[in-house]
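I have placed the structure first, in the form of structure tokens, so that the comments after it can refer back to it.
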Amino acid sequence: MTSSASLTGQTALVTGGGRGIGRAIAFALAASGAEVVVNYSSSAEAAEEVVRLITEKGEKAYAVQANVSIEDEVDGLIKTVLERSGRLDVLVNNAGITRDGLLMRMKTSDWQAVINLNLTGVFLCSRAVARPMLKQKSGRIINITSVVGLMGNAGQANYAAAKAGVVGLTKSTAKELASRGITVNAVAPGFIATDMTKDLDADAILRDIPLGTFGTQEQVAGAVRFLAADPAAAYITGQVLQVDGGMVMA
Ligand code: NAP
């Protein structure tokens, strides 16, 4: 455990924590002292590897399977965490997918799949943790949105709509839960090297990034760790923290 540990004794759930950005977030929160619940949908081996790498360092983690776009599975996930850990202090809504296509050719099933996971999944998980966090009178919810939700993107109407929805959901939830000491914020990555972005035209994208490079998973995880673990973040709620190399400046 590092000297920056400030989540000692706390439990953090990372949806989609077995791969990509979620994996880096799981490592960062475990290093801050949290017991990390690594949720996965289909990548059991990847999730178990994250758990192994964390526990090998003497930190705490376990994996729980659940498709977070399905209400019953979300409720089962939160029940499992509360039974096993006795508390839930940090929720990171990270799980997300893309099903890209131009508007006129976008299949309704692709629209719905993205909305169901990237927006409804965030709602389902946030609703399920609200009660235990309200009882504890503390909690931090961090939603991973995207710069695409702030600026739009041709070929990603479904994804942009879901991620913009997450921003509205974040602000509304922040207002509802603030009086009980629960903060709700969003982190908006720009382009980060993961499986999700591996097929994109890097040269075209880099031209739009003032800092001139893709971001790393660890840089996104650092922003999440700040919002989840830093005492200074206790006075920050309803905000969107961009980790985007300067792509979007309001
Ligand atoms: P990724 O490498 O494709 O990983 C996606 C993660 O989501 C996996 O862990 C996957 O787990 C999980 N997942 C997918 N469907 C799920 C479901 N139904 N239930 C639970 N988990 C599910 O993607 P990433 O790049 O790390 O993206 C993580 C988040 O960052 C997403 O919300 C994404 O929209 C956002 N983001 C990414 C970028 C970027 O440039 N990469 C930029 C902005 C925002 P399984 O394999 O087990 O399904």
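Heads up: the sequence shown runs through residues 106 to 355, numbered per the numbering used here. All C-beta atoms in this analysis are idealised placements derived from N, C-alpha and C, irrespective of residue type, glycine included.
Where does the unbroken beta strand (DSSP E) through residue i begin, and where does it stop?
i	result
Val345	Val345 to Val348
Thr288	Ile287 to Pro294
How many angstroms separate the CA atom of residue i from the CA atom of residue j?
i	j	result
Val186	Leu229	15 angstroms
Ala233	Asn144	15 angstroms
Gln115	Leu193	7 angstroms
Gly254	Gln261	10 angstroms
Val155	Asn223	22 angstroms
Gly123	Gln170	10 angstroms
Met352	Ala265	15 angstroms
Ala259	Asp180	35 angstroms
Ser190	Ala117	10 angstroms
Ile159	Ile249	22 angstroms
Val197	Ala168	14 angstroms
Thr113	Ala334	10 angstroms
Gly138	Lys240	22 angstroms
Ala235	Glu150	30 angstroms
Met238	Ser231	10 angstroms
Tell me which residues share the same chain as residue i and place their Cβ nearer than 7 angstroms to its Cβ, disregarding the 5 neighbours each side in the sequence.
i	result
Lys242	Arg285 and Gly286
Gly125	Thr299, Asp300, Met301 and Gln322
Val428	Only positions 106 to 355 of the chain appear in the structure, and residue 428 is not among them; the question remains open.
Can you give me the Cβ contacts of residue i inside the same chain, cut-off strictly under 8 angstroms, excluding the 5 residues immediately before and after it?
i	result
Ser108	In this prediction, Ser108 has a pLDDT of 43, which is less than 50 and means its spatial position is unreliable; nothing more can be read from the coordinates.
Thr302	Phe296 and Phe319
Give the C-beta separation of residue i and residue j to the nearest angstrom, bearing in mind that I take them to be a contact with Cβ-Cβ under 8 angstroms.
i	j	result
Lys276	Ser251	Going by Cβ atoms, the distance from Lys276 to Ser251 rounds to 16 angstroms, so no, they are not a contact pair.
Phe319	Ala298	5 angstroms
Val219	Ile202	6 angstroms
Asn221	Ser174	4 angstroms
Val272	Val329	Not really, about 16 angstroms apart at Cβ, beyond 8 angstroms.
To which residues of the same chain is residue i closer than 6 angstroms at the C-beta, ignoring the five residues directly before and after it?
i	result
Ala326	Ala129, Ile130 and Ala133
Gly127	Val119, Gly121 and Asn199
Asn172	Ser146 and Glu178
Ala135	Val141, Ile159, Glu164 and Ala166
Considering residue i, what are the terminal residues of the alpha helix (DSSP H) in which it resides?
i	result
Ala131	Gly125 to Ala136
Ala152	Ala149 to Glu161
Quiz prompt | the segment 205-212 / the segment 177-192 touching (three or more Cβ pairs under 8 angstroms) | solution = no
Self-check item: Touch test, the segment 159-166 against the segment 211-221, Cβ-Cβ under 8 angstroms, three pairs minimum
Solution: no
Self-check item: Contact between the segment 333-347 and the segment 309-324 (3+ Cβ pairs under 8 angstroms)
Solution: no
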